[in-house]
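Quick notes on the structure that follows.
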Amino acid sequence: MKTLIEILAAILSATAVLSCSHVDDDRIPAVGVNIALDNPGYWNTFGVHALGQYRYFIKNEGIPSEFHYTALTFTGFGGVLLVTDIYNQPLAYDLACPVEMKPTVRISYNPDNLRARCSSCGSEYDVSEFNGSPVSGAAYEKKYGLRRYRVIPSSSGGYNIVF
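Per the UniProt record's numbering, the sequence shown starts with residue 1, numbered consecutively.
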């Protein structure tokens, strides 16, 4: 009987620890994302191909200026950050800081340390290895992670970024 109680106590402790480490990555409002980089030409021009490369997509500001936005293109709440993970797979995040919750208060990517940082609250996020999890600042204290978007390979050789 004592063993069963010890096992239950261990399970409850493990559950409490795991639930305390949960990162809230849904603070940024769910806003449409649809960036078509589905042909090799677009992907070669606007995609990311190696660790440390990045690209911002902000439709209402025309960033990047050479990108041809259409009526069916949507770039989320604050814009989209496109980077690669440590295996050179593309990842996408909303640029809006989840602490500040304003579409114009955006994170910026530092290719030297592979992190994104909010200049307003000072929070830093690991975007290349730990899925936009906070590593310092108010976001770390409150466990607020970046909203992540799906990067789906297309049959023609590029990728589509969608919510």
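Each residue gets a CB set at the ideal place from its N, CA and C atoms; glycine is no exception.
- In this structure, Leu81 keeps its C-beta atom at 8 Å or more from the C-beta atom of Tyr159.
- When rounded, the separation of the alpha-carbon atoms in Ala139 and Gln53 is 24 Å.
- Scanning Asn131, Pro98, Pro111 and Arg148 for the CA closest to the CA of Gly137 turns up Pro98.
- Along the length of the segment 51–112, whole beta strand (DSSP E) runs at least 3 residues long occupy 54–57, 80–84, 90–94 and 107–110, reported in chain order.
- Closest by C-alpha distance to Val105, out of Glu129, Ile28 and His22, is Ile28.
- For the pair Pro111 and Asp126, the Cα-to-Cα distance works out to about 11 Å.
- For the options Tyr87, Pro103, Leu51 and His22, the alpha carbon positioned closest to that of Phe57 is the one of Pro103.
- Taking each of His22, Ser128, Val23 and Gly32 in turn and checking the Cα distance to Ile161, the smallest one comes out for Gly32.
- Note: Ile161 is bridge-paired with Ile35 and Val151 in the DSSP secondary-structure output.
- Measuring C-alpha to C-alpha distances from Phe46 to each of Tyr144, Pro90 and Gly78 identifies Pro90 as the nearest.
- In chain order, Phe46 and Phe57 place their CB closer than 8 Å to the CB of Phe67, counting only its own chain and leaving out the 5 sequence neighbours on each side.
- The criterion of a C-beta distance shorter than 8 Å is satisfied by Gly132 and Tyr93.
- Looking only at Phe130, Asp24 and Thr84, the smallest Cα-Cα distance to Leu51 is reached by Thr84.
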